[in-house]
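Chain order of the listed sequences is A and B.
In this note's numbering, each residue's number is its place in the first sequence (first place is 1) plus 587.
In this note's numbering, each residue's number is its place in the second sequence (first place is 1) plus 13.
Think of the CB as a built atom: it goes at the ideal place given N, C-alpha and C, for glycine as much as any other residue.
Inspection log for the structure reproduced underneath, given as structure tokens.
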Amino acid sequence: MSTPRVLFVDDEPRILDGLRRSLRGRRGEWDMEFANGGAEALERLAATPCDVVVSDMRMPGMDGAQLLTEVSRSHPGTARVVLSGHIEEEAIVQVAMAGHRFLTKPSDAETLTAVVDQLLLHTSAAHPATARRIAGAVRSIPVLPGHADGIDALLAPDANLDTAVSTATRDIGLAAKLLQLSSSRFFGARPRNYSIEAIVHAMGVTMIQAVADAGSSWSPPGWYPGAAPVLAATWCHARATARLAERLASPANRPHAQAAALLQDVGRLICLAREDGEPAAVDLENGTRDGVPFRDAGVELLHLWGVPAPIIGAVAQRDTPHRPEPSGLGVAGAVRTAHLLVTQAENAPGADEQELALLLAHPQLQAQTVDWRQAAEDAVRQAEPSACGAGRGG
Amino acid sequence: MADVSALLETIEAAVPAGVAFVDERLRFVRAGAGFAAVTGRPAAELAGLTVPEALPSLADRLEPLLSQVLATRTPVVGERFDAPDATEPGRVRTWRVDCRPLPGDGSPGLCLVLTDITAHTVATAFRTAFMQDMPEGLYTVDGEGRLTSLNRAASEMLGWSQEDLLGRQVHAAVHLPAPGGTPVPEQDCPLRDPAAAVDAVFARKDGSTFQVVCSVAPLRVGAGSQGRLVTFRDVTETRRAQLAAHHDQKLESLGRLSAGLAHEINTPIQFVGDNTRFLADAYQDIAQLLMVYRECMAPDLGEVAWDERTARARAAEDKADVEYLIAEIPVAVKQTLEGVERVASLVRAMKSFSYKDTAEQSYADLNEAIRTTLTVARNEVKYVADVELDLAELPEVLCHRGDLNQVFLNLLVNAADAMEGRGERGRITIGTRLDGPDVVITFADDGSGIPEHIRQSIFDPFFTTKGVGKGTGQGLALARAVLDRHGGSIDVQSVPGEGTTFTLRLPVDGRQDS
């Protein structure tokens with residue numbers, strides 16, 4: 588593999604000088620380029636693609652949000668990092684959609700290099716470049732047609748924190764976006780923990796509404812033919828699993844288990860959304876796009892977006908038979924168990940009864956007097972039966 | 014009888030009213046010339062017509078009344094009717110009706126007198142509105158300044174009744190005793206001459222005071238010297254609200270500034286940090302290099318050949334990339350110090366900008382104030398326009414510096430906002446010059462300009478063309494208020510599509526209170 592290339596963009600030459608010097612220690616590992624503005628950055632990218640671009644936001648001419656949006660279109664394989672001292676209220680939502688990671692100025696070299704190093708890692712060993720390209724192009728995850736009621740309620744003028752929490756814990760796209768944004772102070776206070784509820788509380792209703800509005804306004808021109816029933820089933824399965832995983836997980840793991848269950852098939856959503864005239868080979872039967880399994884694309888997206896590692900791990904391992912540690916089920920174990928239970932409750936194929944029996948026998952679950960299979964039936968029923976009818980038995 | 018008839022005709026003509034005689038079937042026997050005005054047709058045509066035929070608009074009320082007089086033979090005096098004007102549709106007139114049965118046996122008929130009292134009624138209504146209902150205070154005085162009337166609102170505001178003050182000098186009662194008012198004798202009172210919008214302080218009966226705005230008009234009633242009519246409004250609350258609005262405006266621009274200031278400070282902090290980290294790394298490299306040198310110099314390397322020693326030193330120098338370090342370290346230090354100075358000057362400017370005014374004016378360098386404002390607001394401007402300063406040598410100006418800073422900031426931010434949608438960078442020129450006893454300051458931009466139809470409104474409070482949340486429309490209103498307070502002025506010239514220039518004029522020696 589060739590030396591990774593990192594492009595830094597800032598209108599203030601002193602910033603670029605400072606970065607060049609402080610990152611000099613990495614000169615053996617990275618090829619670093621420095622551009623004085625958005626237009627120059629695009630020229631450099633056109634000449635030689637980069638792995639990561641780190642950009643200031645407020646710049647004369649083309650600003651950072653415009654630059655990164657353009658990069659997401661013409662260079663989806665390039666990871667996009669925002670490094671900014673301040674983001675104006677009006678620009679904050681565009682920035683939230685355009686960037687993958689968000690760093691505040693001042694950031695020390697260690698923080699910056701850690702983020703760049705992370706982004707240089709690819710989660711898909713089999714299809715590193717293609718998975719990066721598919722995931723990298725995503726700026727927000729569209730709402731499924733017919734599932735916009737939660738977003739509509741959130742955008743209503745009388746929406747309050749409770750509305751926001753209830754929408755965010757049930758909407759896959761919004762939950763993923765909030766997890767992505769929660770690590771940066773640009774979008775509100777730091778949450779107490781990475782539960783979606785805590786993130787909503789920290790960001791506040793106004794910010795959540797702005798994010799939801801910007802995210803839902805990006806709806807793809809269409810979905811791949813035949814995707815509709817798959818997507819409906821995915822949506823309901825995720826909601827039911829999230830409900831159940833939250834109960835299955837230990838208190839400490841609850842926030843991550845709930846989020847991972849909700850996001851378990853995020854890859855399917857992003858692979859089935861079709862951008863303008865984009866030629867892509869989707870194989871619905873085998874669950875691949877351009878040869879990349881949906882799951883790989885989803886995991887790569889969560890990695891690019893900086894979602895907490897336990898969530899990524901649980902999503903990555905959802906289809907891997909789980910052998911729990913006696914000490915605890917863990918996030919991945921809770922999500923896998925919930926997934927199997929819900930699959931069985933949906934009368935869908937694929938739930939290995941032997942594995943499930945083993946998981947249910949785990950001391951952590953035995954300690955609770957709950958009929959988990961019944962709980963799964965309830966969760967499936969509660970996951971909006973009207974909207975989920977199409978997916979039942981699928 | 015001819016004499017009587019002539020006398021009758023003379024009376025009918027002389028009385029400013031309609032006089033008529035009506036028979037027992039309410040038929041006009043004769044009508045005086047005055048009835049022509051009432052009915053809108055010549056009096057001669059009326060004979061033989063019934064009252065309802067001749068006066069359709071009054072008929073429904075007049076007819077029963079007349080019948081009643083006929084039946085009871087009791088006169089009716091001073092009854093009032095409102096009715097549409099017969100000649101001028103849409104206008105309502107008020108009539109006084111007097112009716113008296115004619116003497117004699119049987120049913121000899123009656124005498125009917127209709128008087129147009131519209132003017133009087135209107136005057137009375139006006140008087141009631143002025144004296145009873147109007148929320149503004151009103152009083153009238155004679156030529157010696159003695160009260161002749163006081164309306165209800167004035168009485169409530171002042172705590173004095175009309176009877177208390179009647180015949181007393183108003184100036185002595187309510188104007189003179191107010192601390193902060195006008196402690197001048199009556200003949201010098203500013204309320205002696207016709208004027209509009211005079212600021213004054215009035216005292217209530219209990220001694221407490223309030224701020225008012227007065228208007229004075231001449232009033233001549235009957236003979237004697239000319240009196241005056243004074244209206245006034247209690248503006249204490251308005252003034253308080255203006256103060257609050259001023260404060261809001263300051264907070265608004267502070268909020269906008271603080272975001273920009275954060276950006277202006279974070280940028281140097283970022284590169285100062287990066288450069289310092291580089292210097293720390295560079296120091297490590299150099300220290301390691303020094304260790305190698307020291308080793309090479311050590312006598313216990315005795316038998317090691319000089320060539321070998323130089324080779325080791327060379328290798329260490331290459332590893333440390335000495336040429337790079339020698340070239341970069343001084344620049345890194347220079348840029349670090351520059352960054353520190355940037356933050357320091359910003360903090361100085363913020364301190365100077367947020368200068369807290371005392372009640373008294375003080376002398377200040379306005380060129381310095383403009384530079385300070387520019388430093389503080391740099392982030393608001395630098396992405397959209399270049400700023401050119403054309404500052405002449407100025408004497409220090411007696412002023413409220415903090416308020417002027419605020420005005421400069423508002424004008425600068427407006428100029429920057431005027432660049433919106435013009436595509437390329439604009440130019441803002443700030444100039445100062447001395448013009449006789451005044452300092453003239455201009456803020457010129459080549460932005461979008463102000464359309465003709467709103468140019469009159471831009472100084473009005475709450476007038477704004479900016480989007481919701483972008484501006485409260487206080488900036489220019491505040492600027493005008495501040496300039497007024499300094500005895501100065503603010504004017505605007507603008508050509509849509511070409512730009513706008515605001516011109517401020519301030520007396521060097523402050524407001525000259527005469």
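Span separating the alpha-carbon of residue i from that of residue j
i: D965/A; j: A944/A; result: 19 Å
i: V248/B; j: S228/B; result: 13 Å
i: E250/B; j: F223/B; result: 10 Å
i: I674/A; j: A272/B; result: 8 Å
i: G900/A; j: A844/A; result: 10 Å
i: A751/A; j: G920/A; result: 28 Å
i: R968/A; j: P911/A; result: 28 Å
i: A326/B; j: L302/B; result: 8 Å
i: A740/A; j: R757/A; result: 12 Å
i: R3/B; j: A490/B; result: In the structure as shown, chain B starts at 14 and stops at 527, and residue 3/B therefore has no counterpart that could be examined.
i: G978/A; j: H824/A; result: The pLDDT assigned to G978/A is 38, lower than 50, so where the model puts this residue is not dependable, and the model offers no usable value.
i: A136/B; j: R93/B; result: 16 Å
i: V285/B; j: S771/A; result: 22 Å
i: A696/A; j: D448/B; result: 55 Å
i: R631/A; j: T590/A; result: 16 Å
i: A398/B; j: A683/A; result: 27 Å
i: G813/A; j: R876/A; result: 14 Å
i: E199/B; j: V225/B; result: 18 Å
i: G980/A; j: V792/A; result: Legend: pLDDT at G980/A = 35, less than 50; position of this residue unreliable, value from coordinates given subsequently. G980/A and V792/A: Cα-Cα distance of roughly 37 Å.
i: E76/B; j: R38/B; result: 11 Å
i: A746/A; j: P509/B; result: 43 Å
i: T141/B; j: L242/B; result: 16 Å
i: A329/B; j: L629/A; result: 39 Å
i: E308/B; j: I786/A; result: 58 Å
i: A431/B; j: M646/A; result: 19 Å
Per-residue DSSP class, three states only, for residue i
i: Q851/A; result: coil
i: T100/B; result: coil
i: C227/B; result: strand
i: R613/A; result: helix
i: A210/B; result: strand
i: W959/A; result: helix
i: M619/A; result: strand
Residue j beta carbon less than 8 Å from that of residue i
i: A884/A; j: A718/A; result: yes
i: A685/A; j: R726/A; result: yes
i: R95/B; j: T85/B; result: The identity of residue 95/B in the sequence shown is Asp, whereas the question assumes Arg. No, Cβ-Cβ distance for D95/B and T85/B is not below 8 Å.
i: L543/A; j: L831/A; result: With chain A covering only 588 through 981, there is no way to say anything about residue 543/A.
i: T445/B; j: L407/B; result: yes
i: P913/A; j: P950/A; result: yes
i: W959/A; j: L928/A; result: yes
i: G651/A; j: S642/A; result: yes
i: P88/B; j: R113/B; result: yes
i: L748/A; j: A755/A; result: no
i: H909/A; j: L946/A; result: yes
i: A60/B; j: A46/B; result: no
i: L594/A; j: V640/A; result: yes
i: L765/A; j: V798/A; result: yes
i: V886/A; j: A801/A; result: no
i: I759/A; j: L849/A; result: yes
CB contact check: residue i to chain C, cutoff 8 Å
i: A398/B; result: Protein chains in the displayed structure are A and B, and chain C is not among them.
For the 8 Å Cβ check, are there 3 or more pairs between the region 291 to 300 of chain B and the region 369 to 380 of chain B? They do not touch, by the three-pair rule.
Tell me which residues of the region 277 to 297 of chain B have at least one Cβ-Cβ distance to chain A shorter than 7 Å, keeping chain order. Taking a C-beta cut-off of 7 Å against chain A, the contacting residues of the region 277 to 297 of chain B are N279, T280, I282, Q283, F284, G286, D287, N288, R290, F291 and D294, listed in chain order.
What are the residues of the region 597 to 610 of chain A that lie near chain B, defined by any Cβ-Cβ distance shorter than 9 Å? Result list: D597, D598, E599, R601, I602, L603, D604, G605, L606, R607, R608, S609 and L610.
Contact residues within the region 340 to 351 of chain B, judged by C-beta distance below 7 Å to chain A: Those residues of the region 340 to 351 of chain B that come within reach of chain A (Cβ to Cβ, closer than 7 Å) are E341, A345 and Q348.
Assess contact between the region 165 to 172 of chain B and the region 201 to 221 of chain B, defined as three or more Cβ pairs (one per stretch) separated by less than 8 Å. Is contact present? Judged by pairs of C-beta atoms under 8 Å, the region 165 to 172 of chain B touches the region 201 to 221 of chain B, as three or more such pairs exist.
Please identify, using Cβ separations under 7 Å, the residues of the region 251 to 277 of chain B that lie next to chain A, in order along the chain. Under the 7 Å Cβ criterion, the region 251 to 277 of chain B contributes A272, A275 and H276.
Are at least three pairs of beta-carbons, each pair with one atom in the region 125 to 132 of chain B and one in the region 34 to 51 of chain B, less than 8 Å apart? Contact holds: three or more Cβ-Cβ distances are below 8 Å.
Could you say if the region 306 to 325 of chain B and the region 385 to 402 of chain B meet the contact criterion of at least three C-beta pairs nearer than 8 Å? Verdict: no, contact absent.
Cβ contact check for the region 434 to 444 of chain B and the region 463 to 473 of chain B: 3 or more pairs under 8 Å: Between the region 434 to 444 of chain B and the region 463 to 473 of chain B, the count of Cβ pairs shorter than 8 Å is below three; the stretches do not touch.
Count the C-beta pairs between the region 361 to 369 of chain B and the region 411 to 418 of chain B that are closer than 8 Å, then say yes if the count reaches three, no if not. The answer is yes - the region 411 to 418 of chain B touches the region 361 to 369 of chain B, with three or more Cβ pairs under 8 Å.
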